[in-house]
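Participant:
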Amino acid sequence: MQIVEVRVFSNVDKTLHYRVPPDLQIPAVGSLVKVPLMNRWDTGIVLSHTDQVDFDPAKLKNIHSAIFPEPVITRDLLKMVDWIANYYGHSAAQILDAMLPPTLRNPPKAKKIAMLQLTDAGKSLDIDSLPKSAKKQKALLIALRNTAKSVPKLDFLKGQNISTAIAKSLIEKAYLQETFIDSERLGYTDELATMDALKPKAFELSEEQREAVDSIVQAVRMQQFKPTLLHGVTGSGKTEVYVRAIQEILKNPTASALFLVPEVALAPQTVGTLRNRLESEGSKVVVWHSHLSEGERRDSWLKIARGETRIVVGARSAVFTPIQNLKLVVVDEEHEPAYKQDENPRYHGRDIAVYRAKLNNCCCILGSATPSLESLYNVKARKYEVIRLTKRVDDRELPKIHIVDMRLEFRKNKKEEILSQKLKDELQNRLERQEQSILFLNRRGFTKNLICRECGWVAMSPECSIPLTYHQFDHRLRCHISGYEAPAPRQCPECKSKNIHGEGFGTQKVETVVKALLPKARVMRIDTDTMSKKNRLREILADFRKGKIDILVGTQMIAKGLDFPNVTLVSLVNADQSLYMEDFRAAERTFQLLVQVSGRAGRGDRAGEVIIQTSTPHAAPIQFARHSDFDGFLEDEIELRREFNYPPFRHLIRHLIRGPNEDKVRYFAENWRKSLDEKNLDYLDIRGPIPAPIEKINSEYRYQIWYFTNQIIKTIEQLNTLRADFLWEKSITQVLDVDAINLR
Ligand code: ADP
Ligand code: ZN
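In case it helps, this note's numbering puts the sequence shown at residues 83 to 826.
1) Where do the N-terminal and C-terminal ends of the alpha helix (DSSP H) with residue 251 fall, by residue?
2) Flag residue 402 as yes when its Cβ comes closer than 7 Å to any non-hydrogen atom of ligand 1, and as no otherwise.
3) Let me know if residue 631 comes out buried or exposed under the rule of 16 or more other beta-carbons within 10 Å of its beta-carbon.
4) Taking its Cβ as the centre, do 16 or more other Cβ atoms sit within 10 Å of residue 578, making it buried, or is it exposed?
5) Using DSSP's beta-bridge definition, name the partner residues of residue 799.
6) Here's a check: name, in chain order, each residue in its chain whose Cβ is nearer than 6 Å to the Cβ of residue 276, leaving out the five neighbours to either side.
7) Hey, which unbroken runs of the beta strand (DSSP E) at 3 residues or more fall wholly within the segment 407–487?
8) Just tell me which of 393, 446, 409 and 427 has its CA closest to the CA of residue 416.
9) Assign residue 540 to buried or exposed, taking buried as 16 or more other Cβ atoms, counted over all protein chains shown, within 10 Å of its Cβ.
10) Rounded to the nearest angstrom, what separates residue 736 and residue 801 at their Cα positions?
11) Does residue 531 come out as helix, strand or coil in the three-state DSSP assignment?
12) Got a sec: does ligand 1 put a non-hydrogen atom nearer than 7 Å to the Cβ of residue 318?
13) When we look at the beta-carbon of residue 240 and count the other beta-carbons within 10 Å, is it buried (16 or more) or exposed?
14) Reducing DSSP to helix, strand and coil, say where residue 194 ends up.
15) Smallest Cα separation from residue 748: which of 782, 717 and 215?
16) In chain order, what residues of the same chain have a beta carbon less than 8 Å from the beta carbon of residue 813, not counting five sequence neighbours either side?
17) Report all residues from its chain with a CB closer than 7 Å to the CB of residue 267; omit the five preceding and five following residues, and keep chain order.
18) Rounded to the nearest angstrom, what separates residue 692 and residue 349 at their Cα positions?
19) Let me know the secondary structure DSSP gives residue 741 once reduced to three states.
20) Using the DSSP secondary-structure output, state which residues sit across from residue 779 in a beta bridge.
21) Under 8 Å between the Cβ atoms of residue 419 and residue 824?
22) Among 649, 626 and 112, whose alpha-carbon lies nearest the alpha-carbon of residue 688?
23) Quick one: is residue 754 buried, meaning 16 or more other Cβ sit within 10 Å of its Cβ, or exposed?
24) If you check the beta carbons only, do residue 680 and residue 652 fall under 8 Å apart?
25) Using alpha carbons as the reference points, say which of 373, 439, 760 and 299 lies closest to residue 340.
26) Would you check if the segment 389–401 and the segment 350–361 touch, i.e. whether three or more CB-CB distances between them fall below 8 Å?
27) Whose CA, out of 545, 629 and 710, lies closest to the CA of residue 472?
28) Take the Cβ of residue 262 as the centre, count every other Cβ of all protein chains shown within 10 Å, and call the residue buried at 16 or more, exposed below.
29) Going by other Cβ atoms of all chains shown within 10 Å of its Cβ, with 16 needed for buried, is residue 576 buried or exposed?
30) Closer than 7 Å to a non-hydrogen atom of ligand 1 - does that hold for the CB of residue 291?
31) Let me confirm a value: residue 479 is counted as buried when at least 16 other C-beta atoms fall within 10 Å, else exposed. Which label applies?
32) Below 7 Å, is the gap between the Cβ of residue 451 and the nearest heavy atom of ligand 1?
33) Taking 7 Å as the cut-off, is the beta-carbon of residue 448 closer than that to any non-hydrogen atom of ligand 1?
34) Are there 16 or more other CB atoms within 10 angstroms of the CB of residue 827, so buried, or fewer, so exposed?
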């Protein structure tokens, strides 16, 4: 008798056995099957085959059918489910949910999908004329104005956290219209396919690149798990190393590769290069990203599962795609916080990629110009190998870095200036020489706050404990977390002074100042507004490449991986913001930011120059970055971490406890801590509770407890048991974040 062990979705923490009726082909491990459960039908995954069970087999029920003829999930992924669940403290159900596209389990009946777009009336409507209470309607209209012509209705509404009823009411008012198209015709993927098509250049690999490729190819041949850090300075040609290594590997007709990037939309050049170089008639690259519609997600998934494609490029969730015969895993920009998922399940894409490589006994490359301290430490501890690319390709030089002390500028000018004299002069020079410049602003510094110069009052969000952002154009205050907004007061609510002003400056302000300074320059701005329009970012970058723009102003989010040969000047306009975040990784982040931003300069024939404007020129990350002294920074920073026993020396689990009533949140957090103390968990170093750096978000108060440990799985298991036994009140939400990155 053929029996299969099945993990049923509605009850995944146990596995169940079923019999395969004689008229059915035995479904392979990893197949989706329809099975009876209690008195209804459910879906499950075949985990294993057997021919006996330790109870009366006559009690077994039959499986009904296989949903697809082939397996939809690979054996290594099945093995990963439990490990990920145990490590991050989630249920296996949550992990499986995160892995499998929902439409795989419940195939959509109709192939038509609803699209949403603004009508002419919706486009020209004065949004402020809607009643105050219509918050969500306004939000939807604004979101649609910021996107391409039409969007898939359900996905889009879900992404915006807006109900279909809101959309319906706007359709009834004729501000929106609904159309239906074939799910196949959504075509986001194709749009990305043509993104920034870079012509393959013919060049010889540098000696360092050659050695790197050889050593990777060698590691692949050995079929040994060997995580390797590819630490290559900016412009050292890391992408080319990946491309050549993958090309080598694809010579084996069944081998496949997984390539992770922090965010597909922010890596247009890398994704474009990979497609251009690796795609051929017979083998397509699958690009796996968050903009895929459910239909596309399902199609791509099946394509990968059937082995029709052997290269998957994508953001963190691509680590869960059913790639067979995995021979190489690449994690590009491995230091990026975007690899950590900030909602459940809170997994780290890079770490899971390493684990998956381990299960496959395959080579895993973590690449970066500014590796995370965790990875550098793993090299030090000899857990990882390292390959260094110390030189830029073509003997190009690393840019010269100037530090400008903005305090001296202030003393000279007696007022706050956004651009130092040095920066102004150099921008002028570049314009005359027809070279290009990029001005970066720190993302956190991109907002303006409303401040009273008499008493120091700052306009704060009533729902979240962060300052409101002041928008000059409509004289309103907005909260960038909860969306709260209100008109800005004309006088200080505290001291009644009229001396209140917007302070801080954003990309917009920098753009204005630069345009006034250099009226002939063609200046273009990239920020969150531009980013939300899908094609706009690509258009701007393409124009910049063609030389139609002289000066690009943007937040650092666009800093990664941009490669424009004619850029000879780069400035980080306000380097201080990230230094003073309440985060023990602040120095590391600042150093990475400075090095990455600097790396955008001097990538062509002409040398590059970097100007860093700061009020704290003596700060260690700034000094180390100035001399591109990676080892110096590492030693300095690792000593600090060792002193406090912070990661990478121990793991950090962050416990966030939140709720609408501050007294209750504190009470439960403190009582929980007390209950832990009574347990004498001596392998655990517990800190807190203390209020989180952002004490309030969306009208919920937030407290945090930190656990330091070297025994994650044991800790998580114990904390989860204790959490389940502890009497939390309904209004309290609490989550554990293993290896937390976002500490806000
Ligand atoms: P990194 O990712 O290390 O910062 P890139 O991979 O972006 O560097 O490469 C920088 C530029 O150098 C790219 O335009 C790439 O096409 C080019 N390049 C790479 N390898 C070579 C080489 N061996 N000779 C000349 N140019 C190269
Ligand atoms: Zn005041």
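C-beta: ideal position from N, C-alpha, C; glycine also.
Facilitator: Concretely, from the data shown:
1) As a working note, residue 251 is residue 169 in the sequence shown. Bounds of the alpha helix (DSSP H) holding residue 251 are 246–254.
2) The count along the sequence shown starts at 1 and reaches residue 402 at position 320. No, the Cβ of residue 402 stays beyond 7 Å of every heavy atom of ligand 1.
3) As a working note, residue 631 is residue 549 in the sequence shown. The residue in question, residue 631, is buried, as its Cβ has 16 or more Cβ neighbours within 10 Å.
4) By 1-based counting over the sequence shown, the position of residue 578 is 496. Exposed, since its Cβ has fewer than 16 Cβ neighbours within 10 Å.
5) For the purposes of this step, residue 799 is identified with residue 717 of the sequence shown, where counting begins at 1. According to DSSP, residue 799 bridges with nothing at all.
6) Translated into the one-based positions of the sequence shown, residue 276 becomes position 194. Confidence at residue 276 is low in this model, with a pLDDT of 41, below 50, so the placement of that residue should be treated as unreliable; the coordinate-derived value is given next. Contacts found: none.
7) DSSP runs (the beta strand (DSSP E)) wholly in the segment 407–487: 408–414, 445–450, 467–471 and 482–487.
8) Position 334 of the sequence shown, counted from the first residue, corresponds to residue 416. Comparing alpha carbon positions, the residue from 393, 446, 409 and 427 closest to residue 416 is 446.
9) Indexing the sequence shown from 1 puts residue 540 at position 458. Classification for residue 540: exposed.
10) On the sequence shown, position 654 is the one that residue 736 refers to. On the sequence shown, position 719 is the one that residue 801 refers to. Cα to Cα, residue 736 sits roughly 12 Å from residue 801.
11) What you label residue 531 is simply residue 449 of the sequence shown in a count that begins at 1. Strand.
12) As a first step, residue 318 must be located in the sequence shown, where it is residue number 236. The answer is yes for residue 318.
13) As a first step, residue 240 is located in the sequence shown; it is residue number 158 there, counting from the start. By the 10 Å Cβ count, residue 240 comes out exposed.
14) For the purposes of this step, residue 194 is taken as the residue at position 112 of the sequence shown. If DSSP states are grouped into helix, strand and coil, residue 194 belongs with the strands.
15) On the sequence shown, position 666 is the one that residue 748 refers to. Nearest of 782, 717 and 215 to residue 748, Cα basis: 782.
16) Within the sequence shown, residue 813 is the residue found at index 731, counting from 1. Cβ neighbours of residue 813 beyond the five flanking positions: 741, 742, 743 and 746.
17) To locate residue 267, count along the sequence shown from 1; it is residue 185. Because residue 267 carries a pLDDT of 48, less than 50, the predicted location of this residue cannot be relied on, and no value is offered for it.
18) Position 610 of the sequence shown, counted from the start, is the residue given in the question as residue 692. Position 267 of the sequence shown, counted from the start, is the residue given in the question as residue 349. In this structure, the straight-line span from the alpha carbon of residue 692 to that of residue 349 is close to 22 Å.
19) If you number the sequence shown from 1, residue 741 lands on position 659. Note: residue 741 maps to strand in three-state DSSP.
20) Position 697 of the sequence shown, counted from the start, is the residue given in the question as residue 779. For residue 779, which the question treats as bridged, DSSP gives the partners 782.
21) The sequence position of residue 419 within the sequence shown is 337, counting from 1. The sequence position of residue 824 within the sequence shown is 742, counting from 1. Their beta carbons are under 8 Å apart, which means residue 419 touches residue 824 by this criterion.
22) Numbered from its first residue, the sequence shown carries residue 688 at position 606. Residue 688 has its Cα closest to that of 649, out of 649, 626 and 112.
23) The sequence position of residue 754 within the sequence shown is 672, counting from 1. Buried: at least 16 other Cβ atoms inside 10 Å.
24) On the sequence shown, position 598 is the one that residue 680 refers to. On the sequence shown, position 570 is the one that residue 652 refers to. In this structure, the beta-carbon distance from residue 680 to residue 652 falls below 8 Å.
25) Here residue 340 is taken as the residue at index 258 of the sequence shown, counted from 1. For the set 373, 439, 760 and 299, the Cα lying nearest the Cα of residue 340 is the one of 439.
26) Touching, yes.
27) Locating residue 472 in the sequence shown gives position 390, counting from the first residue. Answer by Cα proximity: 710.
28) Here the question's residue 262 lines up with position 180 in the sequence shown. That one is exposed.
29) Counting from one through the sequence shown, the residue named residue 576 turns up at place 494. Burial call: exposed.
30) Translated into positions along the sequence shown, residue 291 becomes position 209. True, at least one ligand heavy atom lies under 7 Å from that Cβ.
31) Indexing the sequence shown from 1 puts residue 479 at position 397. Exposed is the call here.
32) If you number the sequence shown from 1, residue 451 lands on position 369. Indeed, a heavy atom of ligand 1 lies less than 7 Å from the Cβ.
33) Taking the sequence shown and counting its residues from 1, one reaches residue 448 at position 366. Answer for residue 448: no, Cβ out of range of ligand 1.
34) Residue 827 lies beyond the stretch modelled for the chain, which goes from 83 to 826, so this question has no answer here.
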